[in-house]
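Peer 1: Position 83 of the sequence shown, counting from 1, maps to 336 under the numbering used here, and the rest follow consecutively.
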Amino acid sequence: MIIWVNEEGRYVFFNKAATRLLGYPADELLNLRVYDIDPDVDLVRWRAHWAELKRKGSLTLESTNRARDGALVPIEILANFVVYRGVEYNCAVVRDITERKRVEAELRALNERVFHLSMTDALTGIANRRSFDERLAMQMSRLNDPRLALMLLDIDHFKAFNDAYGHPQGDACLRSVATAIDRTVRGAGGFAARFGGEEFACILPGLEEAEAFALAERVRQSVLSLAIVHGALPGLAEWDGQAGGAMPDMANRAPPPGHPESSPLLPGFVTVSLGIVFAEPCAGLSAGELLMQADVNLYRAKREGRNRLVFTRL
Numbered sequence: 254m255i256i257w258v259n260e261e262g263r264y265v266f267f268n269k270a271a272t273r274l275l276g277y278p279a280d281e282l283l284n285l286r287v288y289d290i291d292p293d294v295d296l297v298r299w300r301a302h303w304a305e306l307k308r309k310g311s312l313t314l315e316s317t318n319r320a321r322d323g324a325l326v327p328i329e330i331l332a333n334f335v336v337y338r339g340v341e342y343n344c345a346v347v348r349d350i351t352e353r354k355r356v357e358a359e360l361r362a363l364n365e366r367v368f369h370l371s372m373t374d375a376l377t378g379i380a381n382r383r384s385f386d387e388r389l390a391m392q393m394s395r396l397n398d399p400r401l402a403l404m405l406l407d408i409d410h411f412k413a414f415n416d417a418y419g420h421p422q423g424d425a426c427l428r429s430v431a432t433a434i435d436r437t438v439r440g441a442g443g444f445a446a447r448f449g450g451e452e453f454a455c456i457l458p459g460l461e462e463a464e465a466f467a468l469a470e471r472v473r474q475s476v477l478s479l480a481i482v483h484g485a486l487p488g489l490a491e492w493d494g495q496a497g498g499a500m501p502d503m504a505n506r507a508p509p510p511g512h513p514e515s516s517p518l519l520p521g522f523v524t525v526s527l528g529i530v531f532a533e534p535c536a537g538l539s540a541g542e543l544l545m546q547a548d549v550n551l552y553r554a555k556r557e558g559r560n561r562l563v564f565t566r567l
C-alpha cells in the first residue's frame with residue numbers, strides 16, 4: 254500500500270490497498286495519525302523518526318499496524334522524505350509481511366529444535382557430551398564462583414547386563430539411570446550429561462565440599478532405589494534372572510573385604526560407581542585436569558568394589 258503522512262503523523266493520502274489491509278473507511282483513516290494505529294510508535298518516537306527521515310532522505314524499517322478489527326499486521330515500510338508544494342511529507346510504500354514473519358518464526362523454531370537435538374543425547378534425553386563440554390568451559394570461565402565439583406559415574410557391570418537381557422533392556426536401563434541422575438543433580442542446581450556408553454558426567458557448581466559429597470551419595474542412592482534387577486553379576490550365576498527364578502537372599506550376603514558398611518553391595522540390582530573431584534578455587538585448573546582426576550577416582554571406586562563413591566579435593 255502507499256501512504257502519505259505529514260509532519261504531524263497524520264494520514265493525508267493512501268490508496269485502496271491501505272483501506273483493504275487495515276479495514277478503515279477512507280474518511281476514518283484521514284482522521285488518524287501514525288501513532289493511533291502503530292502500537293510501537295508514540296509522539297516522541299514519531300518526532301525522532303521524522304527527524305531521522307528528514308536527515309537521511311529515506312528509511313527502511315519494520316513495524317506493526319493495528320487494523321480496525323484489532324488484528325496486528327506486521328509491516329515493512331520504505332519511507333521517503335519528499336517536499337510537495339512547499340509541504341514536507343513521508344511518502345511510504347508499505348508491505349504486509351505477515352507471511353514472511355510466519356516463515357521466519359518457523360525457521361527459528363526449526364533452528365532451535367536442531368540446536369536442542371545437537372545438544373541432547375538421543376537415547377536418554379539428557380544433555381550429551383558436546384553440551385557437557387560447553388557447559389564445563391562456561392562454568393570454569395566464571396570468576397565469581399570459585400568452587401566447582403565434577404563427578405563421573407559409570408553403571409556397574411553394564412556389559413553383563415546387556416549380554417544377559419539384550420540391548421532393548423539395556424537401553425531402558427540407561428534411560429532410567431539417566432533420568433534418576435538428571436533429576437537428582439538438577440534439583441541441586443547441577444548439570445548432568447551422558448558422557449558416552451554407560452558413563453555419565455555431572456557439573457556441580459557453587460556447593461560446599463560437604464554438600465557436593467552428600468549430593469553424590471544421593472545420586473548413588475537414586476540409582477539403587479530404581480531396583481533394576483541385575484541377575485548377571487559375578488556371584489549370581491546360580492540365579493537365572495531371565496527365567497524369573499527367585500533371587501538369592503541378599504540380606505545375608507557379606508560385602509567384599511574392605512567394602513564399607515555405609516555403602517553395602519547389592520549385586521542383585523543395577524548400581525553405579527562415582528568419582529568426584531572438588532576444587533576450591535578452580536582458577537588455574539583446566540577442564541582436562543578436573544576430568545582426569547574424576548576419572549582416576551571413578552577407576553578407584555570400580556577397583557575397590559563398585560557401588561561406591563571416591564571423593565578427592567584439589
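We treat Cβ as the ideally placed atom computed from N, Cα and C, and that holds for glycine. This structure is a prediction, so every number in the text was calculated from the model and none was measured.
#1: Here's the rule: buried if 16 or more other CB atoms are within 10 angstroms of the residue's CB, otherwise exposed. What is arginine 395?
#2: Is the beta carbon of phenylalanine 453 closer than 8 angstroms to that of alanine 463?
#3: Do the segment 276-290 and the segment 310-321 touch if we need at least three Cβ pairs shorter than 8 angstroms?
#4: Measure the alpha-carbon distance for leucine 282 versus alanine 332 and round it to whole angstroms.
#5: Taking glutamate 357 as the reference, which of Pro327, Glu261, Thr432 has the closest Cα?
#6: Name the two residues that bound the continuous beta strand (DSSP E) containing serine 583.
#7: For a test of the three-state rule: what should DSSP assign to tyrosine 264, helix, strand or coil?
#8: Whose C-alpha, out of Ile350, Leu551, Arg388, Ser478, is nearest the C-alpha of valine 523?
#9: Exposed or buried, which one is aspartate 493 when buried takes at least 16 other CB atoms within 10 Å?
#10: Run the CB neighbour count on aspartate 435, radius 10 Å, all protein chains shown included, and call it buried at 16 or more, exposed below.
#11: Say whether the segment 421-436 touches the segment 368-380, bearing in mind that this needs 3 or more beta-carbon pairs closer than 8 angstroms, one atom from each stretch.
#12: Considering only their Cβ atoms, is the gap separating methionine 393 from serine 384 smaller than 8 angstroms?
#13: Quick test of your reading: leucine 551 and aspartate 407, contact by CB under 8 angstroms. State the CB separation rounded to the nearest angstrom.
#14: Please classify serine 311: does DSSP put it in a helix, a strand, or coil?
#15: Distance, Cα to Cα, valine 346 vs leucine 363?
#16: Among residues of its own chain, excluding the 5 on either side of glutamate 261, which ones have a beta-carbon nearer than 8 angstroms to its beta-carbon?
#17: In three-state DSSP terms, what is serine 316?
#18: Measuring only the C-alpha atoms, how far is threonine 565 from alanine 441?
#19: By the three-class DSSP mapping on this structure, what secondary structure does threonine 351 have?
Peer 2: Reading it off the structure:
#1: exposed
#2: no
#3: yes
#4: 19 angstroms
#5: Pro327
#6: Given a span of 254 to 567 for the chain in the structure shown, any question on residue 583 remains unanswerable.
#7: strand
#8: Ser478
#9: Here aspartate 493 scores only 41 on pLDDT, less than 50, and its place in the model should not be relied on; the value that follows carries that caveat. Result: exposed.
#10: buried
#11: yes
#12: no
#13: 6 angstroms
#14: strand
#15: 31 angstroms
#16: Arg286
#17: strand
#18: 20 angstroms
#19: helix
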